[in-house]
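Visitor:
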Amino acid sequence: MISLFLLVLGLALVTYLPRVIPLLWLKDLALPAYMKRFLSFIPYAVLASLIFPGVLSSTTTTTSALFGGVVATTLALLRVNLVVVVIGAVFGVYAFQTLL
Amino acid sequence: MATSIQSTSPSSQQSTFRAGLRAGIPVAIGYIPIAIAFGLLAKSFDLPNAITLSMSFFIFAGASQFITVQLLMTGSMYWEIILTTFILNSRHFLMSASLSQRIETTSRKLLATIAFGVTDETFSIASTRKEARSGLFVLGLNTIAFLAWNIGTWIGVFLAFGLPGTLQASMGIALYAMFIGLLVPSLTTRPVFFVASFAIMIQAMLHWGITPFFPISDGIRIIIATVVAAGIGAFVFKEEQVT
Chain A
0 MISLFLLVLG LALVTYLPRV IPLLWLKDLA LPAYMKRFLS FIPYAVLASL
50 IFPGVLSSTT TTTSALFGGV VATTLALLRV NLVVVVIGAV FGVYAFQTLL
Chain B
0 MATSIQSTSP SSQQSTFRAG LRAGIPVAIG YIPIAIAFGL LAKSFDLPNA
50 ITLSMSFFIF AGASQFITVQ LLMTGSMYWE IILTTFILNS RHFLMSASLS
100 QRIETTSRKL LATIAFGVTD ETFSIASTRK EARSGLFVLG LNTIAFLAWN
150 IGTWIGVFLA FGLPGTLQAS MGIALYAMFI GLLVPSLTTR PVFFVASFAI
200 MIQAMLHWGI TPFFPISDGI RIIIATVVAA GIGAFVFKEE QVT
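As you go down the protein sequences, you meet chains A and B in turn. Just so we're aligned: 4 in numbering that gives the first Met the number 0 is position 5 of the first sequence, and the numbers increase by one with no gaps anywhere. Just so we're aligned: 197 in numbering that gives the first Met the number 0 is position 198 of the second sequence, and the numbers increase by one with no gaps anywhere.
1. Taking only three categories from DSSP, how would you classify residue 194(B)?
2. Within a Cβ cutoff of 7 Å, which residues of the same chain sit near residue 132(B), ignoring the five residues on either side of it in sequence?
3. Taking the alpha helix (DSSP H) that residue 11(B) falls in, what are its first and last residues?
4. Looking at the secondary structure, which residues open and close the alpha helix (DSSP H) in which residue 69(A) lies?
5. With three or more C-beta pairs closer than 8 Å as the rule, is the stretch 61-70 of chain A touching the stretch 141-158 of chain B?
6. Which residues in chain D have a C-beta closer than 7 Å to the C-beta of residue 90(B)? List them in chain order.
7. Distance check for residue 150(B) and residue 89(B), CA to CA, integer angstroms please.
8. Is residue 209(B) buried or exposed, if buried means 16 or more other CB atoms sit within 10 Å of its CB?
9. Is there a C-beta anywhere in chain A that falls below 8 Å from the one on residue 211(B)?
10. Quick check on residue 25(B): does DSSP put it in helix, strand or coil?
11. Return helix, strand or coil for residue 225(B), following the three-state DSSP convention.
12. Residues of chain B with a CB under 7 Å from the CB of residue 86(A): which are they?
13. What ranges does the alpha helix (DSSP H) occupy inside the stretch 50-114 of chain B, keeping only unbroken runs of at least 4 residues that lie completely in it?
14. For residue 18(A), would you say it is in contact with chain B, using Cβ-to-Cβ distances shorter than 8 Å as the test?
15. Who are the Cβ neighbours of residue 128(B) in its own chain at under 7 Å, not counting the five residues just before and after it?
16. Between the stretch 77-95 of chain A and the stretch 186-200 of chain B, can you find at least three pairs of beta-carbon atoms closer than 8 Å?
17. When you check each C-beta in the stretch 42-57 of chain A against every C-beta of chain B, which residues fall closer than 8 Å?
18. Starting from residue 98(B), find everything on chain A with Cβ-Cβ shorter than 7 Å and list it in chain order.
19. Counting only Cβ pairs nearer than 8 Å, list the residues of chain B close to residue 81(A).
20. Spatial neighbours of residue 173(B) within its chain, please: CB distance less than 6 Å, with the 5 preceding and 5 following residues excluded, ordered by chain position.
21. What three-state label does DSSP hand residue 0(A) in the structure shown?
22. What did DSSP end up calling residue 34(A) once you bin it into helix, strand or coil?
23. At the level of alpha carbons, what is the spacing between residue 96(B) and residue 36(A)?
24. So, helix, strand or coil for residue 45(B), using DSSP?
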């Protein structure tokens with residue numbers, strides 16, 4: 000429990016640093032173009048790495064997880080609100096597991 | 000500016016802050032269910048309530064809180080979780096850098112407070128509103144988002160008792176649905192599409208090609224795939240706009 004709480008504080012620190020350093024100290028510093036592009040690709044690279052293959056083992060069976068992934072992708076393609084994507088996928092998996 | 004005297008008067012400050020609160024209502028509406036899902040997910044993995052609640056209070060970053068719970072449950076080392084979170088949140092570096100150019104506030108105390116509330120969603124509002132030149136406006140925006148995130152977490156944690164097991168098991172998809180919902184709309188530009196594809200290919204190679212022979216944890220695989228894919232992207236797409 001104590002070690003978990005120390006982990007939370009560590010996570011709070013590494014989350015806060017990238018948020019606060021530019022606001023306080025990066026106002027006038029110019030990053031090299033390559034670094035800027037690298038940083039701008041990070042969100043997409045990390046999202047893709049998080050989704051795959053982790054999504055396949057996110058529920059009790061691979062098929063229900065795949066179904067949830069397909070529901071989420073479909074809803075995301077329809078450009079609905081992020082909340083609808085999340086709730087839709089949860090209920091999609093729930094329906095899949097209850098009905099099949 | 001000529002209006003600087005006026006904008007420092009207490010009543011004007013209050014109304015700027017309140018305007019920020021109002022601008023953050025859509026974010027708050029969006030956060031509550033996701034925070035509830037986070038509380039439920041943590042609960043379903045038997046994470047102590049105090050830990051779940053302090054994550055939302057001290058970290059305040061949706062995706063990394065979800066992935067932290069996930070990594071804890073797959074038995075990752077703490078340093079791997081911290082490194083993954085740091086890499087995951089390095090995107091806020093760019094957002095804060097962009098905000099630092101917009102915000103005219105110079106109070107370092109206020110800037111340091113605003114920094115805590117920089118998220119994908121608050122940033123997207125702050126970077127599309129003219130009022131966001133005022134630090135107090137952004138503070139209001141971040142405050143309502145923070146409150147919604149924490150209230151949602153409390154609801155999730157204390158609601159989980161009554162939920163049927165099958166629904167709790169279905170919450171496992173919530174994190175991935177959120178990631179999919181954030182990634183898919185961005186895939187319309189060529190560089191983003193290719194970087195995301197690189198990352199997935201690298202992940203597949205590591206997961207099925209390397210891990211069976213030489214075990215690498217989930218956290219390290221995510222870091223390798225992210226850094227390599229973003230690095231390739233930065234080399235290959237020199238001219239194109241990223242977003």
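Even for Gly, the Cβ is constructed at its ideal location relative to N, Cα and C. A quick note: this is a predicted structure, and the numbers were derived from the prediction, not measured.
Guide: With the given structure in hand:
1. Three-state result, residue 194(B): helix.
2. Excluding residues within five positions, the ones whose Cβ falls inside 7 Å are 101, 102 and 103.
3. In the DSSP assignment, residue 11(B) falls within the unbroken alpha helix (DSSP H) covering 9-22.
4. Note, residue 69(A): alpha helix (DSSP H), 61-76.
5. Touching, no.
6. Considering every chain present, this structure includes no chain D. Its protein chains are A and B.
7. For the pair residue 89(B) and residue 150(B), the Cα-to-Cα distance works out to about 26 Å.
8. Residue 209(B) is exposed by the Cβ-count criterion.
9. Look at residue 211(B): its C-beta is not under 8 Å from any C-beta on chain A.
10. Residue 25(B): helix per DSSP, three-state reduction.
11. Of the three classes helix, strand and coil, the one that applies to residue 225(B) here is helix, per DSSP.
12. Neighbourhood of residue 86(A) in chain B, by CB distance below 7 Å: 32, in chain order.
13. List check, alpha helix (DSSP H) in window: 61-72, 77-87 and 90-101.
14. So yes, residue 18(A) belongs to the interface.
15. Sequence-distant partners of residue 128(B) (beyond 5 residues in either direction) whose C-beta falls short of 7 Å from its own C-beta, in its chain, are 22.
16. No, the stretch 186-200 of chain B is not in contact with the stretch 77-95 of chain A.
17. Cβ contacts with chain B come from 42, 43, 44, 45, 46, 47, 48, 49, 50, 51, 52, 53, 54 and 57.
18. Neighbours of residue 98(B) on chain A, chain order: 22.
19. Ordered by position in chain B, the residues that pass the 8 Å Cβ test against residue 81(A) are 29, 33, 177, 180 and 181.
20. 36.
21. Coil at residue 0(A), not helix or strand.
22. Note: residue 34(A) maps to helix in three-state DSSP.
23. Between residue 96(B) and residue 36(A), the alpha-carbon positions lie close to 14 Å from each other.
24. Residue 45(B): coil per DSSP, three-state reduction.
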